[in-house]
Each structure stands twice: as structure tokens, then as C-alpha cells.
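Read the structure below first, then the notes.
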Amino acid sequence: MKQIIDFIPLIVFFILYKMYDIYVATGALIVASALQIVVLYLLYKKVEKMQLITFVMVAVFGSMTLILHDADFIKWKVTIVYAVLAAALAISHLIGKSAIKSMLGKEIELPDAVWTRITWAWVGFFSICAALNIYVAFHLSQDVWVNFKVFGLLAATFLFTLLTGVYIYRYLPKDKKSLPKDNKVD
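Letter by letter, the sequence shown follows residues 1 to 186 of UniProt numbering.
Below is the structure:
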């Protein structure tokens, strides 16, 4: 259910962009994102920090888009979100509190070296997405950018998540006793 709720603002944005324009879609994105936060809180009694950060960025960059009537602001939001994700993962890992390990480590036991590789792979992925968004947003048409934002980045994230799962599967212990005691990976 939560995953479906996560996509509602994006779907609203896409549909209203196709029906009207970037400004109507951006206004609707702000409203849908705010409603998303409310619904998630009502259903789960908590909202993830990243969802709050994303909402604030949608509200700020979306409002700038509407007030200044300049679609470049909403385009920059995507790049900034991906850059923030990359930086947050890198910083959390460098200070010894890997965000990915803290999110998944309760359910999955993996050697530290695997958590490190996964973290840096996601840092790279988010960095590439940020750079690609800049290119698509400012070198191709707005229609291409909207399709890239809605379908391209979503598909890339889904594929990278699957690849991460395949990589993790290689290192999952068959039982708790088979995990190497020294936490080293071949």
C-alpha cells in the first residue's frame, strides 16, 4: 500500500502535464505531495525523513516554478533530490553509520564489505541520475524531460534495485551459521 501511495504525486504530475501544462502539473504535484504526507502519517503514524525532505523540495522548487513562471526550477528539483541522496549515503557511510545498512541490516545479514559496495554503487547511481537529469532537462524538450522523469528514472531505479537484490543474494547466508566470522568477502 505504501509503495502505491509513494507514486501518486508522480502520476498526478504526469497526467496533469499531459492534459494541461507544466504549471498546472507542478501545482498539483505540490498538493498531491502534501496530501501524501498527511495520508502516510494517518495510516502509519510516521513519515520517513526522505519523504519530508522531498516534500519540502517539491514545495520550494514548485512554488518558485509557479511564482516565477519558470519550469527550470522544478527540473532542478529532481537533480537536487538525487544529489542529496548520493551525498547522504556517502556521508552516512564515511561516518560509520551506513544508511543502507541501517535500513536493511535488520532483515539481511551481509558482510561489511558488501554493505560498502552496495552503498557506493547507490551513490554512483544517484549521481549519474542527477547528471542525466541535468542533461535531459536542459538539452532536450520539456516533453522528453517529463517522460524521462516519470518513466526513465523510475525504470532505472527499479532495474538498479533488482540488480542490487541479485548482488545481495550471492552473499546471503544459507543459515545464520554460514556467515563468515571475519566479515570478509571473496
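All residues carry an ideal CB built from backbone N, CA and C; glycine is no exception.
Asked	Found
Classification of Val38 by the beta-carbon crowding that lies within 10 angstroms, buried from 16 upward	exposed
Burial state of Gln3, where buried means 16 or more other Cβ atoms lie within 10 Å	exposed
Pairwise C-alpha distance: Pro9 and Leu85	19 Å
Beta-carbon spacing of Ala137, Val78 below 9 Å	yes
CB-CB length for Leu16 against Ala34, believed under 8 Å	With 8 Å as the limit, Leu16 and Ala34 do not qualify as a contact, their Cβ atoms being about 15 Å apart.
Same chain only: Cβ atoms within 6 Å of Asp6, ignoring 5 sequence neighbours per side	none
Simplified DSSP assignment, three categories, for Asp6	helix
Beta-carbon proximity list for Ser178, same chain, < 7 Å, skipping 5 on both sides	Note that Ser178 scores a pLDDT of 48, beneath 50, so its modelled location is shaky; the value from the coordinates is reported in the next line. So the list is empty, once near-sequence residues are dropped.
Distance, Val146 Cα to Lys18 Cα	9 Å
Status (buried if at least 16 other CB within 10 Å, exposed otherwise) for Val166	exposed
Cβ shell of Trp115 (< 6 Å), same chain only, five flanking positions each side left out	Ser98, Lys101
Integer-rounded CB distance, given that Gly62 should sit under 8 Å from Ile80	Between Gly62 and Ile80 the Cβ distance is about 12 Å, and since that is not below 8 Å, they are no contact.
The alpha helix (DSSP H) enclosing Gly96, as first and last residue numbers	Taken as a continuous stretch (DSSP letters only), Gly96 belongs to no alpha helix (DSSP H), as it is neither H nor E.
Reference Ala83; option with closest CA among Asp72, Arg117, Leu132	Leu132
Test item: CB-CB of Ile128 and Thr164 under 9 Å	no
Status (buried if at least 16 other CB within 10 Å, exposed otherwise) for Tyr20	exposed
Length of the line joining the Cα atoms of Thr65 and Asp72	7 Å
Ile95 Cβ short of 8 Å to the ligand MG heavy atom set	With respect to small molecules bound, the structure shown includes none, and the ligand MG cannot be examined in it.
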